[in-house]
Amino acid sequence: MYDHRDRCAIVGIGTTDFTKASGRSVLTLATQAGAAAISDAGLAATDIDGIVRCEHDEVRHNDLVETLGTANVTYWSSVGTGGAAPCGMIGQAVGAIMSGQARTVLAFRSLNGRSGRRFGQAGRASPRSIGGNGSYDEFFIPYGLAVPGQMFAMIARRHMIEFGTTSEHLGSIALTCRQRANANPNAQMADRELSMQEYLTGRPISLPLRLFDFCLETDGACAVVVTDTERARNLPHRPALIRAVAQGTSRHPQMGLVLPTLLRESLTTQPSADVAETLYRRAGMGPEDIDVAQFYDCFTITVLLQLEDYGFCKKGEGGPFASGGALDIGGAIPINTSGGHLSEGYIHGMNHVVEGVRQIRGTSSSQVAGAETCLVTSGIPVATSAMILTA
Amino acid sequence: MPYTIDADTAGFFEAAREGHLVVRSCSDCGANLHPPRQYCRHCGGWNTRWRKLTGRATLVTWTIVEQQMLPTFEVPYTVVLVEPDDAPGVRFVGSLPGRVESLQAGMAMAVTFETVGDGVVLPQWSPTE
Ligand SMILES: [Zn+2]
Chain A
20 MYDHRDRCAI VGIGTTDFTK ASGRSVLTLA TQAGAAAISD AGLAATDIDG IVRCEHDEVR
80 HNDLVETLGT ANVTYWSSVG TGGAAPCGMI GQAVGAIMSG QARTVLAFRS LNGRSGRRFG
140 QAGRASPRSI GGNGSYDEFF IPYGLAVPGQ MFAMIARRHM IEFGTTSEHL GSIALTCRQR
200 ANANPNAQMA DRELSMQEYL TGRPISLPLR LFDFCLETDG ACAVVVTDTE RARNLPHRPA
260 LIRAVAQGTS RHPQMGLVLP TLLRESLTTQ PSADVAETLY RRAGMGPEDI DVAQFYDCFT
320 ITVLLQLEDY GFCKKGEGGP FASGGALDIG GAIPINTSGG HLSEGYIHGM NHVVEGVRQI
380 RGTSSSQVAG AETCLVTSGI PVATSAMILT A
Chain D
481 MPYTIDADTA GFFEAAREGH LVVRSCSDCG ANLHPPRQYC RHCGGWNTRW RKLTGRATLV
541 TWTIVEQQML PTFEVPYTVV LVEPDDAPGV RFVGSLPGRV ESLQAGMAMA VTFETVGDGV
601 VLPQWSPTE
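Line by line, the protein sequences give chains A and D. Each residue of the first sequence is one higher than the last, beginning at 20 in our numbering. Each residue of the second sequence is one higher than the last, beginning at 481 in our numbering.
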């Protein structure tokens with residue numbers, strides 16, 4: 020087996036502004052973020068010979084070859100499922116580089132998530148014939164269960180049933196992300212503070228989840244450049260070494276896109292538990308070695324489940340752990356230091372990758388002093404991916 | 481209206497139309513396979529069929545939906561997830577009108593059959609008391 024440990028690194032990062040209405044095409048946003056990442060890496064577009072995209076992106080690899088003016092791209096791929104993709108996309112880049120199919124790979128995510136195609140909306144299904152053809156929506160949507168927020172509400176309720184988790188526990192995650200966003204000028208919620216009282220009285224959406232348990236909707240893009248570590252050493256920034264990366268479906272993931280995951284026997288252990296095991300083994304590390312983490316946070320409950328699955332606390336203790344100060348800068352495991360999806364913006368997990376690199380470089384707006392290892396995770400519940408970056 | 485002519489799942493809705501709750505099961509090893517599929521991963525066989533259930537279940541979790549996402553579903557309503565007593569590990573979804581505040585995890589639930597039009601019938605779930 021080939022060992023990819025520390026063989027590749029992220030050498031360039033780029034983002035657009037994060038807004039509710041970009042006024043630009045997703046291709047313009049992707050081009051902006053891509054050009055910024057290439058420039059940040061100290062490279063030229065003609066150095067890029069590989070491109071990895073999320074399968075949900077509306078921008079294709081050849082679109083960016085054309086707009087950026089890259090080299091002849093000899094490797095491209097599309098990774099899913101949705102928000103589970105970003106760390107897996109970095110894994111694809113590593114695989115391409117280590118197998119000699121590309122030397123310098125651009126990975127990107129671009130979306131007009133507020134002004135264009137909004138996620139978490141139920142409007143796509145035709146009311147005359149819901150489901151079928153491998154979607155399994157016929158077992159959910161006719162019952163009014165149509166979107167991830169409703170599904171995660173049922174998962175949150177189950178965590179409360181099994182472990183006594185409270186809304187205040189979930190609220191501490193929302194407040195943590197908001198405080199980090201308040202220090203990040205590019206965050207959509209940079210200027211909006213959030214109190215526990217506001218959180219607890221937030222508009223009910225799908226109880227027990229309320230408004231501030233839900234992530235933002237964002238127009239924007241993020242991109243990163245990955246290359247081999249040897250080349251990375253000669254570029255301007257301290258490389259964020261990819262210590263290890265892992266994807267995982269879990270053994271019985273259920274079929275379909277998202278909603279059938281609700282039919283699993285356990286709702287409170289997610290594929291993140293399987294990915295954690297693979298990732299730590301590949302890295303030769305454990306949760307005690309992680310200085311800071313960027314957890315995929317489409318909902319507050321998503322973070323709580325991952326705190327347990329990645330081993331930062333015991334199963335069931337995520338609530339008291341989160342509300343006990345562990346997630347703060349200076350706590351046991353500071354999280355989502357740019358504000359995450361809950362408060363920076365929703366770039367479908369790719370802003371978590373960018374912020375992970377900033378922590379390794381020492382340039383975050385909420386820098387964890389001396390951070391040398393950063394865990395970055397991607398979305399649950401369908402399948403997931405994660406990686407550990409090191410200085 | 482659910483799509484009820486899918487090659488793998490149609491039998492579930494055909495049974496509901498006749499007033500039966502069914503789960504796809506393996507005739508050889510007895511494993512339950514839901515959502516329905518043809519192959520049994522447990523014993524590696526293709527000898528699967530529809531098995532009738534009693535319609536008794538326990539409540540696993542629920543959500544009270546307050547923000548309308550579907551034009552045909554007036555909020556508030558309550559979505560429930562149940563586990564049939566005679567098919568452990570299988571989960572079915574149901575929905576109840578309004579905010580059902582009396583729900584408790586593990587409480588007994590029973591199936592009912594709701595005709596939603598055009599001869600399409602959905603199994604539904606309500607507390608037994
Ligand atoms: Zn079998």
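Think of the CB as a built atom: it goes at the ideal place given N, C-alpha and C, for glycine as much as any other residue.
| query | result |
| --- | --- |
| Apart from the five residues on each side of it in sequence, which residues of its chain come closer than 6 Å, Cβ to Cβ, to S291/A? | Q325, D328, I399 and T403 |
| Cβ atoms of H188/A and S58/A: under 7 Å apart, would you say? | no |
| Would you say S606/D lies against chain A (beta-carbon separation less than 7 Å)? | no |
| Put C393/A into one of helix, strand or coil per three-state DSSP. | strand |
| Just to confirm, is the Cβ distance from V559/D to H514/D under 7 Å? | no |
| Does the beta carbon of E217/A sit closer than 7 Å to a beta carbon anywhere in chain D? | no |
| Whose CA, out of G163/A, R26/A and F182/A, lies closest to the CA of L286/A? | F182/A |
| Just to confirm, is the Cβ distance from A104/A to V98/A under 7 Å? | yes |
| DSSP on A40/A, reduced to helix/strand/coil? | coil |
| At the level of alpha carbons, what is the spacing between A60/A and I32/A? | 7 Å |
| Can you list, in chain order, the stretches of the beta strand (DSSP E) that have 3 or more residues and sit fully within the region 193-272 of chain A? | 223-226, 238-247 and 259-267 |
| Can you list, in chain order, the residues of its chain whose CB lies under 6 Å from that of A312/A, leaving out five sequence neighbours each side? | I352, I354 and L394 |
| Quick check: what's the CA-CA separation for R211/A versus P204/A? | 11 Å |
| Using the beta-carbon of each residue, which ones in chain D are nearer than 7 Å to P353/A? | Per Cβ cutoff of 7 Å: no residues; P353/A is ~31 Å from chain D at best. |
| To which residues of the same chain is A144/A closer than 7 Å at the C-beta, ignoring the five residues directly before and after it? | Residue placement at A144/A is flagged as unreliable, the pLDDT there being 49, under the threshold of 50; the coordinate-derived value follows with that caveat. Closer than 7 Å at the Cβ level, and outside the excluded window around A144/A, lie D156 and I160. |
| With a 10 Å radius around its C-beta and 16 neighbouring C-beta atoms as the bar for buried, classify T608/D as buried or exposed. | exposed |
| Can you say whether R137/A is buried or exposed, counting buried as having 16 or more other CB atoms within 10 angstroms of its CB? | exposed |
| Determine the chain A residues that contact L617/D at a beta-carbon separation under 7 Å, and present them in chain order. | Nothing about residue 617/D can be reported from this structure: the residues present for chain D run from 481 to 609 only. |
| Using a C-beta to C-beta distance shorter than 8 Å, which residues of chain D count as neighbours of E157/A? | P482, Y483, T484, D486, T489 and F493 |
| Rounding to the nearest angstrom, what Cα-Cα distance links A487/D and I149/A in this structure? | 15 Å |
| So G358/A packs on R177/A, CB below 8 Å; how close in whole Å? | Contact doesn't hold; Cβ gap of about 27 Å is too wide. |
| Could you check whether the region 270-290 of chain A touches the region 359-369 of chain A, counting it as contact only if at least three pairs of C-beta atoms, one from each stretch, sit closer than 8 Å? | no |
| Grouping DSSP H, G and I as helix and E and B as strand, with all else coil, what is A144/A? | Its pLDDT being 49, under 50, A144/A is placed unreliably by the model, and nothing is read from it. |
| Please go through the same chain and pick out, in chain order, the residues whose beta-carbon is closer than 8 Å to the beta-carbon of H522/D, but skip the five residues on each side of it. | C506, C509 and A511 |
| Using DSSP with H/G/I as helix, E/B as strand and the rest coil, what is S357/A? | coil |
| Using the Cα positions of K333/A and P306/A, report the straight-line distance between them to the nearest angstrom. | 12 Å |
| Relative to chain A, which residues along the region 509-539 of chain D have a C-beta separation below 8 Å, given in chain order? | H514, P515 and R517 |
| For a contact defined as C-beta to C-beta under 7 Å, what are the partners of E546/D on chain A? | P223, I224, S225 and L226 |
| By the criterion of Cβ-Cβ separation under 7 Å, what are the contact partners of A585/D in chain A? | I180 |
| Identify which residue in D310/A, I407/A and V124/A has its Cα closest to the Cα of V244/A. | V124/A |
| Tell me the start and end of each unbroken beta strand (DSSP E) in the region 491-561 of chain D that is at least 3 residues and wholly inside, in chain order. | 501-506, 528-533 and 536-545 |
| Using the C-alpha atoms, what's the distance from R380/A back to G335/A? | 34 Å |
| Per DSSP, which residues does I32/A bridge with? Please list them. | V243/A |
| Within the present structure, is the beta-carbon of C520/D separated from the nearest heavy atom of ligand 1 by less than 6 Å? | yes |
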